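>
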Amino acid sequence: MCTYVPHVPYVVYLKEVNGVKNGVCHKKFITDNNKYIRVIRHYNIPIFIPERACPFQCIYCNQQKITGQDTTIDYNDIVETINSYLLSIPEENSEIQIAFFGGTFTAMPINEQIEFLKLTQAYIKSGKIKGIRISTRPDNIDQNILNILKKYGVSHIELGAQSLDNDVLLKSHRGHDYNAVKNASKLILQNKFTLGLQMMLGLPGDSLDIAKETAKKIIDIGAHETRIYPTLVIKDTSLHTLFNRGNYSALTTSEAIIQSAEIYKIFEKGNVKVLRIGLYPDDNLIENEVVAGPDMYNFKEKVMTEVWRQQLENLIDKTSLEKSIKIYVSPKQLNFAIGYQASNRKFLFDSFKRVKFYSNSKINNLEYHVDYY
Ligand code: SF4
């Protein structure tokens, strides 16, 4: 999938400002030791280009159904979409990008790419938009295309890598191999774009071991960002046919959670920013289009709960029943550490007299500090 992210209004990241990294985000401000500190929020305005110019039909993809749009593009609609997003995003402390998702941006005729990019230029000149993000296939990147993207202000390029195992790529009808991803990535990095390599789990021929190798290769290639998407079987795709014939089994929800947690930990160690875990399809897609695959409801929360469960398990020893425990984690991780429906707190309660979680803005990411009392 070039980008498997329908109907996501904004993607928000907390950025470091004035050297302060942590804190609890309260819309525009974070608190740290009772002081208010300005933070910049990052917003993506998503424009979906459904299966425009896709040279292949990947086995799992029906991009029209993913985005809920047909393939006709109305440029006025795009401008209206951008304007309406801009009206709803606070101007102060915001950094806004336009993101062309879906389809294969750089496989469109050059003139058409330029038409899309031209729509954004007034916003870039006025300073309302800070950059453009596109998603595309690795076999549709060359120096000429990169020159054009740079000229029109594209800053981030996401490639649908999906797997870096040639057998999985072949079985998924991707139409390119690992070398195509490696070569395109090299060129993108040489041209100083921010590189994202998206990956999928549970594709035909895939396994946790193969997925781990893909994640390691994504790190070695030098990607800055990634997205982790478990495969869903969508109606009227070739994967659907395979599934109906009994030749494909989708990951169960718990398999997808465990695999995603393992892959997340690899990226975390490799300093690759994970922009998204799982698909957030609208209710209509879940009800009408997805015929099999892991449940995406609160998927990221469940994955991060698993990541934390594995860490917190290490705190339990034979003497722990006599102790109470205080666990300090970063504010952004607090809910994940406590767990989806407080499941991590509950499992620790079986081993400790009392369990308390606290946020501490001096702690980063998956680090934690423990006091026994
Ligand atoms: S390249 Fe494949 S995954 Fe991407 S939009 Fe086209 S068919 Fe879908």
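Residue numbers (the working numbering): -5 to 367. Note that beta-carbon positions come from the ideal geometry of N, C-alpha and C, so glycine has one too. Remember, predicted model here, so these are calculated numbers, not experimental data.
Can you tell me the Cα-Cα spacing of TYR242 and GLN156, whole angstroms?
Going from the Cα of TYR242 to the Cα of GLN156 covers about 17 Å.
> Can you name, in chain order, every residue of its own chain whose Cβ lies under 6 Å from the Cβ of LEU191, other than the five neighbours on each side?
Hits under 6 Å: LEU153, ALA155, ILE212, ALA217, THR220.
> Quick one: complete alpha helix (DSSP H) runs, 4+ long, within the stretch 302 to 336?
Segments of the alpha helix (DSSP H) lying fully in the stretch 302 to 336: 328 to 332.
> According to DSSP, simplified to helix, strand and coil, what is ASN354?
Reduced to three states, the DSSP call for ASN354 is coil.
> Here's a check: name, in chain order, each residue in its chain whose Cβ is nearer than 6 Å to the Cβ of LYS294, leaving out the five neighbours to either side.
So the list reads ILE271, GLY272, once near-sequence residues are dropped.
> Under 8 Å by Cβ, that's how I've got VAL297 and SER254 pegged, so tell me the actual separation to the nearest angstrom.
Indeed they touch by this definition, with Cβ atoms about 4 Å apart.
> Restricting to Cα atoms, I'd like to know which of GLU283, LEU269, TYR291 is closest to THR247.
Comparing Cα positions, the closest option is TYR291.
> Is ARG127 near HIS150, with beta carbons less than 8 Å apart?
In this structure, HIS150 lies closer than 8 Å to ARG127 by Cβ.
> Quick check on DSSP: helix, strand or coil for PRO368?
Any answer about residue 368 is impossible in this case: the structure gives the chain only from -5 up to 367.
> Helix, strand or coil for GLN156? Go by DSSP, reduced to three states.
GLN156: strand per DSSP, three-state reduction.
> Can you tell me whether GLN107 sits near the ligand SF4, meaning its C-beta is under 7 Å from at least one heavy atom of the ligand?
Checking the Cβ of GLN107 against the ligand SF4 gives no.
> Does the beta-carbon of GLN137, which I'm using as the reference point, lie nearer than 7 Å to any heavy atom of the ligand SF4?
False, no ligand heavy atom lies under 7 Å from that Cβ.
> Tell me which residues share the same chain as ASN28 and place their Cβ nearer than 7 Å to its Cβ, disregarding the 5 neighbours each side in the sequence.
Residue placement at ASN28 is poorly supported in this model, since its pLDDT is 46, which falls under 50; the coordinates still yield a value, given next. Taken in chain order, the list of residues that qualify is empty.
> By the three-class DSSP mapping on this structure, what secondary structure does THR91 have?
Going by the sequence as given, residue 91 is Gln instead of Thr. The answer is strand: DSSP assigns GLN91 an E or B state.
> Could you spell out the range, first to last residue, of the beta strand (DSSP E) harbouring LYS145?
Not the beta strand (DSSP E): LYS145 falls in the alpha helix (DSSP H), residues 137 to 145.
> Is it the case that the Cβ atoms of GLN137 and LEU183 are separated by a distance below 8 Å?
Their beta carbons are not under 8 Å apart, which means GLN137 does not touch LEU183 by this criterion.
> Let me make sure I understand the geometry here. Which of SER88, GLN304, HIS170, ILE319 has the alpha-carbon closest to that of PHE346?
Among SER88, GLN304, HIS170, ILE319, the Cα nearest to that of PHE346 belongs to ILE319.
> Across which residues does DSSP place GLU219 in a beta bridge pair?
Beta-bridge pairing links GLU219 to GLY190, LYS267.
> If we call anything under 8 Å between Cβ atoms a contact, is TRP302 one with GLY264?
No, Cβ-Cβ distance for TRP302 and GLY264 is not below 8 Å.
> Taking the beta strand (DSSP E) that ASN38 belongs to, which residues open and close that run?
Here the beta strand (DSSP E) through ASN38 covers 35 to 42.
> Please list the terminal residues of the continuous beta strand (DSSP E) segment that includes ALA373.
Residue 373 is absent from the model: the chain starts at -5 and stops at 367.
> What does the Cβ neighbour count give for SER179, buried or exposed, with the cut at 16 atoms within 10 Å?
When all chains shown are included, SER179 counts as buried.
> Tell me whether GLN51, by its Cβ, gets closer than 7 Å to a heavy atom of the ligand SF4.
For the ligand SF4, at least one heavy atom lies less than 7 Å from the Cβ of GLN51.
> Which of the three DSSP states, helix, strand or coil, is assigned to SER179?
Residue state, collapsed to three classes: helix.
> Could you tell me which of ILE135, ASP171, ILE222, ASP159 sits nearest to ASN185, measuring between CA atoms?
Here the closest residue by C-alpha is ILE135.
> Please list the terminal residues of the continuous alpha helix (DSSP H) segment that includes TYR79.
Note, TYR79: alpha helix (DSSP H), 69 to 82.
> Cβ of THR98 versus every heavy atom of the ligand SF4: is any distance shorter than 7 Å?
Under cutoff, so the answer is yes.
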